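What follows is one structure encoded as structure tokens, with my remarks underneath.
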Amino acid sequence: MTDNAPPAPAATPWRLVLMLGALTAFAPMSIDTYLSSMPAIGRTLHAGAEDVQATLAAFFAGMAIGQFLYGPASDRFGRRLPLLLGIGIFIAASVVCATAPSIEVLIAARFVQALGGCAGPVIARAVVRDKFNHADTARVLSMMTLIMGLAPVLAPQFGGVVQFFAGWRGVFWTLVVFGLLIGLWITLSLAESRSEATAIQARSENPFRAYVALLRQKRLVGYGLAGALNGATLFTYISTAPDLVMGTYGHTPLVFNIVFALNAVGIIGASQVNRLLLRRSTPDRVLVRASIASIVAALLLVAAAWSGVGGQFTVLPLLFAALSTYGLMSGNTMAGALSVDPSRAGSTSALMGGISFGAGALASWAGGLLHDGTPKPVAAVMFVCLVGSSLAIFGLAVPKDRRGKAAA
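Add 190 to a position in the sequence shown, counting from 1, and you land on the number used in our numbering.
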């Protein structure tokens with residue numbers, strides 16, 4: 191379909207970008223603030239490491255499932271109402287997390303917390319598509335990545351400080367405050383952006399049929415698979431990094447937090463390079479070149495992991511390089527998907543997010559299943575994901591006849 195969104199304003203609406211970027215930070219804030227508290231959670235609730243790890247898996251599952259609910263709802267009922275409902279669920283579940291008497295309650299509460307928090311990124315992306323065309327959507331999403339990317343940089347340190355002074359329960363109380371502040375901001379500042387045409391179409395079709403219609407569009411499936419598999423490398427890293435850096439390489443939690451923050455900075459930096467590249471190129475062209483760079487980085491990472499040459503001084507920089515390609519690709523895959531069928535922006539955003547978290551959960555599980563105390567599993571999983579992402583780009587999203595053209 192043609193791109194019929196209104197043109198972007200001449201000046202960047204930084205207040206809106208900041209607000210939408212904050213909405214996309216629900217997931218990293220909820221994950222990264224408590225990573226360093228996981229051992230303390232196990233001790234307090236008398237739970238094994240695998241049970242504590244299940245709190246993270248439950249959150250990923252909730253994020254994957256919940257997005258499929260908010261997409262059609264935001265197309266039908268508007269962006270504000272489902273968003274505020276989701277934030278309310280997030281706040282209530284965070285209170286339960288903070289007061290959980292057992293690991294079973296915490297696992298269940300983390301699942302519900304994600305069901306609420308996933309409204310943020312789904313609807314934020316739909317709002318961007320409501321207001322901007324394809325190329326400008328990619329630029330705005332890159333700016334939002336800058337804001338969202340600050341969470342992995344700051345959240346582990348912030349969570350560690352809170353955990354030191356207030357324990358792991360204090361970390362979840364800070365998420366309650368975070369949800370309250372974002373909810374108040376949205377209530378006072380976010381205007382409804384869904385068009386009446388989108389509402390009419392959403393009310394006239396079953397949500398399931400909307401997803402079926404989207405999945406029949408080859409380019410959208412290509413963008414979705416490319417974004418999901420590229421994002422799966424990030425999930426794989428998040429789930430395996432603590433053991434790799436602190437277990438395999440024997441570093442302290444402080445060094446782990448520094449490594450974690452540096453990789454987040456790499457993603458942020460790449461997203462801003464993408465924004466600059468889009469001044470002279472199209473999202474599809476940048477996407478093609480970034481996919482090639484990702485395969486090169488993944489190949490070198492696999493070679494380093496299997497050969498052992500340079501040890502951690504080779505593996506960690508190559509991990510940085512492979513992860514940084516996420517910043518070059520994520521905004522462009524999302525913008526491309528949203529451009530295919532603008533009248534179903536909410537459902538498209540949900541589909542992209544749900545597929546991404548589903549692929550991320552599977553990749554994280556595979557990384558854990560293959561764990562052998564070396565960097566080989568994470569390197570192998572990342573390589574497979576990035577090759578699959580590139581195949582989706584070249585075969586479905588940006589076939590040969592589109593690679594030299596401006597994006598529609």
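A virtual CB, placed ideally from N, CA and C, is assigned to each residue, including glycine.
Keep in mind that this is a model prediction, so the values were computed, not measured.
query                                                                                                                                                                                : result
Tell me, please, whether the stretch 443 to 459 touches the stretch 569 to 584 by the rule of three or more beta-carbon pairs shorter than 8 Å.                                      : no
Quick one, which of ALA244, ILE279, ILE313 and ALA314 has its alpha-carbon nearest ILE297's?                                                                                         : ALA244
Rounded to whole angstroms, what is the Cα-Cα separation between LEU490 and VAL505?                                                                                                  : 9 Å
Measure the beta-carbon distance from PRO262 to ALA400 and round it to whole angstroms, keeping in mind my assumption that it falls under 8 Å.                                       : 6 Å
Could you tell me whether the Cβ atoms of VAL568 and THR430 are closer together than 9 Å?                                                                                            : yes
If contact is defined by three or more beta carbon pairs under 8 Å, each pair taking one atom from either stretch, is the stretch 250 to 261 in contact with the stretch 549 to 563? : yes
Does DSSP put ASP326 in a helix, a strand or coil?                                                                                                                                   : helix
Can you give me the C-alpha to C-alpha distance between THR192 and LYS408, rounded to a whole angstrom?                                                                              : Its pLDDT being 42, under 50, THR192 is placed unreliably in this model, and the value from its coordinates should be taken loosely. The straight-line gap from Cα to Cα measures roughly 15 Å.
I need the straight-line Cα distance from PRO291 to LEU235, nearest angstrom please.                                                                                                 : 7 Å
Compute the Euclidean distance between the alpha carbons of PHE355 and ARG269, then round it to the nearest angstrom.                                                                : 38 Å
What beta strand (DSSP E) runs, 3 residues minimum, are completely inside the stretch 452 to 514?                                                                                    : none
Output the distance between the C-alpha atoms of GLY517 and ALA314, rounded to the nearest integer angstrom.                                                                         : 18 Å
Is the separation between the beta-carbon of MET519 and that of GLY417 shorter than 9 Å?                                                                                             : yes
Helix, strand or coil for CYS308? Go by DSSP, reduced to three states.                                                                                                               : coil
Measure the CB-CB distance between ALA495 and THR564 and report whether it falls below 9 Å.                                                                                          : yes
What number of angstroms, rounded off, separates the C-alpha of ALA248 from the C-alpha of LEU541?                                                                                   : 19 Å
Measuring straight from C-alpha to C-alpha, what distance separates ASP474 and MET524?                                                                                               : 11 Å
In three-state terms, what does DSSP make of SER537?                                                                                                                                 : helix
Helix, strand or coil, according to DSSP, for VAL588 in the structure here?                                                                                                          : coil
Which residues in the same chain as LEU210 place their Cβ atom closer than 7 Å to its Cβ, once the five residues preceding and following it in sequence are excluded?                : ALA314, VAL317, VAL318 and MET334
Less than 9 Å separating the beta-carbons of GLY332 and ARG470?                                                                                                                      : For the record, residue 332 in the displayed sequence is Ser; it is not Gly. No; because the gap between Cβ atoms is not below 9 Å, this pair is not in contact.
Please report the straight-line C-alpha distance between LEU208 and PHE322, rounded to a whole angstrom.                                                                             : 16 Å
Assuming PHE216 and PHE280 are in contact, meaning their beta carbons sit under 8 Å apart, how far apart are those beta carbons, in whole angstroms?                                 : 7 Å
DSSP on GLU382, reduced to helix/strand/coil?                                                                                                                                        : coil
Hey, LEU508 and ALA487 are a contact pair by Cβ (cut 8 Å); roughly how many whole angstroms apart?                                                                                   : 6 Å
Evaluate VAL302 with the Cβ neighbour count: other Cβ atoms within 10 Å of its Cβ, from every protein chain shown; 16 or more gives buried, anything less gives exposed.             : buried
With H, G and I counted as helix, E and B as strand and the rest as coil, what does DSSP make of THR426?                                                                             : helix
Taking C-beta to C-beta, are ARG534 and THR327 nearer than 9 Å?                                                                                                                      : no
What's the gap between the Cα of LEU273 and the Cα of LEU206?                                                                                                                        : 15 Å
So, at 7 Å on beta carbons, what are the nonlocal neighbours of LEU513 in its own chain, with the 5 sequence-adjacent residues on each side left out?                                : THR423, LEU424, TYR427, ASN453, GLY456 and ILE457
Distance, Cα to Cα, TRP204 vs ILE337?                                                                                                                                                : 11 Å
Less than 9 Å between the beta carbons of VAL577 and LEU560, yes or no?                                                                                                              : no
To the nearest angstrom, how far is the alpha carbon of SER394 from that of ASP265?                                                                                                  : 11 Å
Of all the options GLY543, VAL530 and SER226, which has the alpha carbon lying nearest to the alpha carbon of LEU344?                                                                : SER226
According to DSSP, simplified to helix, strand and coil, what is GLY268?                                                                                                             : coil
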